[in-house]
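S.K.:
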Amino acid sequence: KAGVTQTPRYLIKTRGQQVTLSCSPISGHRSVSWYQQTPGQGLQFLFEYFSETQRNKGNFPGRFSGRQFSNSRSEMNVSTLELGDSALYLCASSQKGQSSGANVLTFGAGSRLTVL
Amino acid sequence: KQEVTQIPAALSVPEGENLVLNCSFTDSAIYNLQWFRQDPGKGLTSLLLIQSSQREQTSGRLNASLDKSSGRSTLYIAASQPGDSATYLCAVEDSGYALNFGKGTSLLVTP
Chain E
42 KAGVTQTPRY LIKTRGQQVT LSCSPISGHR SVSWYQQTPG QGLQFLFEYF
92 SETQRNKGNF PGRFSGRQFS NSRSEMNVST LELGDSALYL CASSQKGQSS
142 GANVLTFGAG SRLTVL
Chain S
33 KQEVTQIPAA LSVPEGENLV LNCSFTDSAI YNLQWFRQDP GKGLTSLLLI
83 QSSQREQTSG RLNASLDKSS GRSTLYIAAS QPGDSATYLC AVEDSGYALN
133 FGKGTSLLVT P
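Taken in order, these protein sequences are the chains called E and S. This note's numbering applies: residue 42 is where the first sequence begins, and numbers increase by one. This note's numbering applies: residue 33 is where the second sequence begins, and numbers increase by one.
As structure tokens, then:
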């Protein structure tokens with residue numbers, strides 16, 4: 042069974058550019074969530090999607106956006122990149138449709154973004 | 033706002049030792065608490081999930097406990113091995129389909 046696949050794994054952008062990251066969840070998983078990991082702030086929740094609907098969004102500026110397609114694949118976009126956006130972006134998928142006691146998340150390997 | 037704290041931030045132990053990692057959280061109204069492992073430059077691997085109605089979970093040499101009323105969880109690793117070296121992260125799910133993570137404990141097990 043394939044795991045959560047994130048592409049690209051590494052990318053370098055310059056300030057002001059935009060970037061799109063992709064996440065393919067485990068087959069059958071309909072929930073996809075995104076997290077940003079930095080040395081200073083640790084792991085922070087970006088947003089979560091279920092059946093193409095964003096159910097929650099973390100405390101990030103509007104430059105960060107995402108979407109989910111009908112096949113559950115998800116993309117996130119960051120516009121007008123800033124140096125502080127350099128981070129590891131992690132995607133996770135789960136089967137459960139609602140917050141519950143047994144909501145196990147499976148994470149991808151991440152996309153490492155460097156902004157110069 | 034849920035705050036998750038992990039102590040210690042870093043830990044170095046000789047191979048074979050038993051060890052305990054600590055996690056505390058401020059709001060006891062949680063759905064579950066999860067422990068993850070992260071190897072350098074990699075994603076997260078789920079180790080154990082404890083539902084709010086449970087007190088502990090075990091998997092092999094790992095045992096995690098949960099005390100909701102005091103807002104604490106511990107991860108016990110028995111007979112540590114060099115392959116256990118990694119960063120261990122604690123996360124709670126309280127609402128909104130989001131996990132709140134601690135900053136992690138960086139563990140080094142020396143041969």
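Backbone N, C-alpha and C fix where the C-beta goes; we use that ideal spot for every residue, glycine too.
What is the C-beta distance between Gly-149 (chain E) and Cys-64 (chain E), in whole angstroms, given that I count them as a contact (C-beta under 8 Å)?
M.R.: 6 Å
S.K.: In chain E, which residues lie less than 7 Å from Phe-133 (chain S) when you measure between Cβ atoms?
M.R.: Within chain E, the residues near Phe-133 (chain S) are Gly-83, Leu-84.
S.K.: Suppose you measure from the CA of Arg-153 (chain E) to the CA of Tyr-51 (chain E); what does that come to, to the nearest Å?
M.R.: 5 Å
S.K.: Taking only runs that begin and end inside the segment 77 to 104 of chain S, name each unbroken beta strand (DSSP E) of 3 or more residues, in chain order.
M.R.: 88 to 91, 94 to 99
S.K.: I'd like the span of the beta strand (DSSP E) that includes Leu-65 (chain S), first residue to last.
M.R.: Membership of Leu-65 (chain S) in the beta strand (DSSP E) is indicated by the continuous run 64 to 70.
S.K.: Flag this pair as yes or no: are the beta carbons of Lys-54 (chain E) and Leu-122 (chain E) separated by less than 8 Å?
M.R.: yes
S.K.: Is the beta carbon of Asn-132 (chain S) less than 8 Å from the beta carbon of Gln-34 (chain S)?
M.R.: yes
S.K.: Who are Phe-115 (chain E)'s beta bridge partners in DSSP?
M.R.: According to the sequence provided, residue 115 (chain E) is Ser. The question's Phe does not apply to it. Its beta-bridge partners are E:Cys-64, E:Gln-109.
S.K.: Just the Cα atoms here: how many angstroms apart are Ala-41 (chain S) and Gly-136 (chain S)?
M.R.: 6 Å
S.K.: Relative to the C-alpha of Ala-110 (chain S), which residue among S:Ser-84, S:Ser-78, S:Leu-51 is closest?
M.R.: S:Leu-51
S.K.: To which residues does DSSP link Arg-153 (chain E) through a beta bridge?
M.R.: E:Tyr-51, E:Leu-129
S.K.: Between which two residues does the beta strand (DSSP E) harbouring Ser-117 (chain S) extend?
M.R.: Segment: none, Ser-117 (chain S) is in no beta strand (DSSP E) and carries neither H nor E.
S.K.: Could you tell me how far apart the beta carbons of Leu-131 (chain E) and Gly-73 (chain S) are, in whole angstroms, since I believe they sit closer than 8 Å?
M.R.: Incorrect: roughly 12 Å between the Cβ atoms, too far for contact.
S.K.: Starting from the C-beta of Leu-43 (chain S), find all residues in its chain whose C-beta is less than 8 Å away, skip the five residues before and the five after it, and write them out in chain order.
M.R.: Leu-51, Leu-53, Thr-137, Ser-138, Leu-139, Leu-140
S.K.: Using a Cβ-Cβ cut-off of 8 Å (strictly less than) and excluding sequence neighbours within five positions of Glu-93 (chain E), which residues of its own chain qualify?
M.R.: Result list for Glu-93 (chain E): Arg-108, Gln-109, Phe-110, Ser-111, in chain order.
S.K.: Who pairs with Gly-83 (chain E) in a beta bridge, going by DSSP?
M.R.: E:Thr-79
S.K.: Are the segment 82 to 99 of chain E and the segment 113 to 132 of chain S in contact at 8 Å, needing three or more beta carbon pairs?
M.R.: yes
S.K.: Closer than 9 Å between beta carbons: that is the criterion. Which residues of the segment 103 to 136 of chain S meet it against chain E?
M.R.: Leu-121, Ala-123, Glu-125, Asp-126, Ser-127, Gly-128, Tyr-129, Ala-130, Leu-131, Asn-132, Phe-133, Gly-134, Lys-135, Gly-136
S.K.: From Thr-61 (chain E) to Gln-77 (chain E), what does the alpha carbon distance come to, in whole angstroms?
M.R.: 14 Å
S.K.: Kindly list, in the order they appear in chain S, the residues whose Cβ is closer than 7 Å to that of Glu-89 (chain E).
M.R.: Tyr-129, Ala-130
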